[in-house]
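First comes the structure, then the notes that go with it.
In full-length UniProt numbering, the protein residues as written are 1 to 652.
In structure tokens:
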């Protein structure tokens with residue numbers, strides 16, 4: 001194929017002709033990269049022509065289309081609110097099994113309500129690999145359409161009876177400062193299998209075993225639920241027989257859900273498949289209860305759930321629906337100053353031609369799976385609404401390219417589903433993004449995601465009134481140190497110690513951090529907020545706690561509709577949740593909080609910060625808003641199962 005024809009075809013299928021570089025210049029995409037990306041998009045080429053395009057056709061979008069608007073609760077037009085963000089697994093309690101669970105979430109919601117919060121923000125609750133529990137990143141799930149059964153509060157299930165032996169096992173899991181995912185999985189799955197056998201043997205008249213509801217849940221789940229359960233069953237079987245948990249490591253006959261070998265396996269293991277559907281039913285029921293508890297506790301938004309940008313390349317989702325995923329390229333990001341070689345996140349993304357196709361498109365089903373429980377969702381890497389950086393298999397990240405996605409159609413789906421579930425939408429759009437994208441997301445009533453340390457310009461930290469109204473503002477996320485850690489430059493030291501950043505660049509970052517510390521103090525003073533005395537680089541722990549209170553007061557004064565208070569800041573954690581760029585050298589997604597749920601109520605720093613939030617963001621027209629919340633709850637309860645049934649019944 002001639003160069004001009006290749007370029008034309010690349011443009012037709014949304015492949016950007018250039019990518020950015022760490023030096024802030026545009027690099028031309030090579031012809032070889034274009035061919036590989038076209039192949040990944042399932043465009044087969046001969047020597048002189050295109051032989052096949054996407055099965056569903058590539059949407060062309062007009063520039064003059066009206067931007068669809070996502071749902072926004074009426075009470076947010078009258079007041080600004082705040083909530084608490086946390087990682088569910090990091091919660092400690094006297095009763096959990098070494099990992100935070102849905103009962104802990106309900107208890108946290110009760111506490112948040114008493115403190116005056118309006119939401120609890122959570123890590124993704126997507127389904128992981130049960131057969132390989134240490135693959136624990138919530139941002140590399142096996143499936144985004146199903147839940148993580150390890151969050152089931154087993155001791156709250158009908159028929160559960162503990163034992164001295166089990167309690168000794170659980171005490172060890174609770175004492176650990178890191179989540180022992182393998183140990184948790186053994187304890188929970190073993191006990192759940194016993195409860196499953198008891199459930200099967202129980203009489204149909206036993207009201208604690210609602211077979212009618214379970215059967216309805218299975219019917220609503222359709223093929224999507226059944227294939228996921230079958231994948232889990234196969235995955236555990238393969239690990240027991242020496243293969244990997246992911247389907248790419250399985251014998252060839254089992255790598256497609258529709259093979260004869262898989263059909264025979266399903267017939268022979270029907271009870272086991274139903275067991276995994278039962279786990280999803282239990283998780284679904286307990287998460288619904290936690291959402292209800294949050295509303296009953298007075299949280300007007302309720303649960304705020306995070307959505308990962310993609311799924312594991314060898315997980316349930318890509319095995320169950322291979323025709324809607326890109327199989328020859330993975331999601332990543334181009335080279336930038338903090339990752340000079342670029343990044344390959346090794347995540348599978350939807351085909352641009354498939355993502356929004358049909359009344360029950362993959363994207364609609366994925367966002368509905370979260371919205372059914374939530375008052376807000378956060379889209380990780382919201383630029384994916386317009387484009388994804390795809391890295392061809394076998395290539396380095398600098399050999400990738402941006403590919404266009406049907407933005408208008410995806411915004412339409414978000415607007416429609418958010419209205420159905422009365423769920424507001426937050427879009428995380430950090431790093432290298434199209435310059436006009438923030439304005440378009442704001443026009444779509446998708447709240448931007450603002451992190452304090454990122455909100456700087458040539459003059460230093462931006463003042464509170466420079467923040468957008470349609471936004472969620474926070475101090476840090478799961479990928480950052482706490483504010484105290486940031487002040488001590490612990491994040492910079494971590495990148496150096498783990499070999500992510502070379503020593504010469506570390507020195508530059510430390511020098512920049514010194515300027516940032518001075519700038520933050522100046523911004524706090526300019527906002528009329530007290531700055532602790534003796535606030536140097538080696539400030540005491542108590543002084544840094546004073547600074548944390550001041551910083552939260554600062555972001556509370558922004559006009560942003562939402563402010564999130566990170567629980568790790570309230571408990572003054574030293575160990576980060578995740579160090580991006582590491583895998584084996586740091587226990588990402590495993591550190592627990594140093595304070596238990598029972599101890600939070602008497603935590604002085606928690607009370608100081610939440611008192612500051614109540615002072616800066618008082619509840620306005622509380623009676624009217626409480627009434628609105630009640631109406632919201634009534635309507636949501638009425639619509640929730642009906643909407644879920646409608647969408648899930650259309651699953652392929």
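The beta-carbon is built from N, C-alpha and C at its ideal position, and this holds for glycine as well. Predicted model only: the values in this text are computed from it and were never measured.
Query	Result
Residue from 550, 542, 515, 546 with nearest C-alpha to residue 528	550
Sequence-distant residues of its chain with Cβ nearer than 6 Å to residue 2 (five each side left out)	none
Short Cβ contact (8 Å threshold) for residue 658 with residue 372	With the chain covering only 1 through 652, there is no way to say anything about residue 658.
Alpha carbon of residue 187 to alpha carbon of residue 602, nearest angstrom	31 Å
Backbone CA spacing between residue 530 and residue 548 [nearest angstrom]	11 Å
Environment of residue 324 [buried if 16+ CB atoms lie within 10 Å]	buried
Collapsed DSSP secondary structure at residue 89 in the structure displayed	helix
Residue 663 and residue 180 closer than 8 Å at C-beta	Shown here, the chain extends from 1 to 652; a query on residue 663 therefore has no answer.
Residue nearest to residue 526 in terms of C-alpha spacing, selected from 462, 533, 184	462
The stretch 471-479 / the stretch 563-581 touching (three or more Cβ pairs under 8 Å)	yes
Burial state of residue 177 (16 or more Cβ within 10 Å)	exposed
Through-space distance from residue 276 to residue 668, alpha-carbon basis	This structure cannot speak to residue 668, because the chain is shown only from 1 to 652.
Inter-residue Cα distance where the pair is residue 336 and residue 20	8 Å
Counted within 10 angstroms of its Cβ, other Cβ atoms place residue 625 as buried (16 or more) or exposed	Note on residue 625: pLDDT 44, under 50, position unreliable in the model; no value is reported.
Ranges of the beta strand (DSSP E) found wholly within the stretch 88-169, counting only runs of at least 3	119-122, 143-147
Reduced DSSP category for residue 368 - H, G, I as helix; E, B as strand; rest coil	helix
Close beta carbons around residue 13, own chain, < 7 Å, minus the five adjacent residues each side	38, 41, 43, 58
In DSSP terms, what residue 389 is bridged to	332, 402
Residue 8, buried or exposed, once every other Cβ within 10 Å from all chains shown has been counted against 16	exposed
At least 3 beta-carbon pairs within less than 8 Å: the stretch 603-619 vs the stretch 78-87	yes
Rounded separation between residue 552 and residue 408 - CA only	36 Å
Member of 375, 334, 142 whose CA lies at the smallest distance from the CA of residue 348	142
Inter-residue CB distance, residue 444 and residue 69 (contact presumed, cutoff 8 Å)	6 Å
Strand pairing of residue 178, partner residues [DSSP]	591
Beta-carbon spacing of residue 123, residue 133 below 8 Å	no
Burial state of residue 90 (16 or more Cβ within 10 Å)	buried
Straight-line Cα distance separating residue 121 from residue 299	11 Å
Short Cβ contact (8 Å threshold) for residue 192 with residue 154	yes
Buried or exposed (CB count within 10 angstroms, at least 16 for buried), residue 458	exposed
Length of the line joining the Cα atoms of residue 562 and residue 201	49 Å
As assigned by DSSP and simplified to three states, the class of residue 491	helix
Rounded straight-line distance, which links the Cα of residue 317 to that of residue 524	47 Å
DSSP-derived helix/strand/coil call for residue 378	strand
Residue 537: CB within 7 Å of a non-hydrogen atom of the ligand SAM	Among the ligands in the structure shown, none appear at all, so the ligand SAM cannot be discussed.
Residue 405 and residue 16 closer than 8 Å at C-beta	no
C-beta atoms of residue 472 and residue 426 nearer than 8 Å	yes
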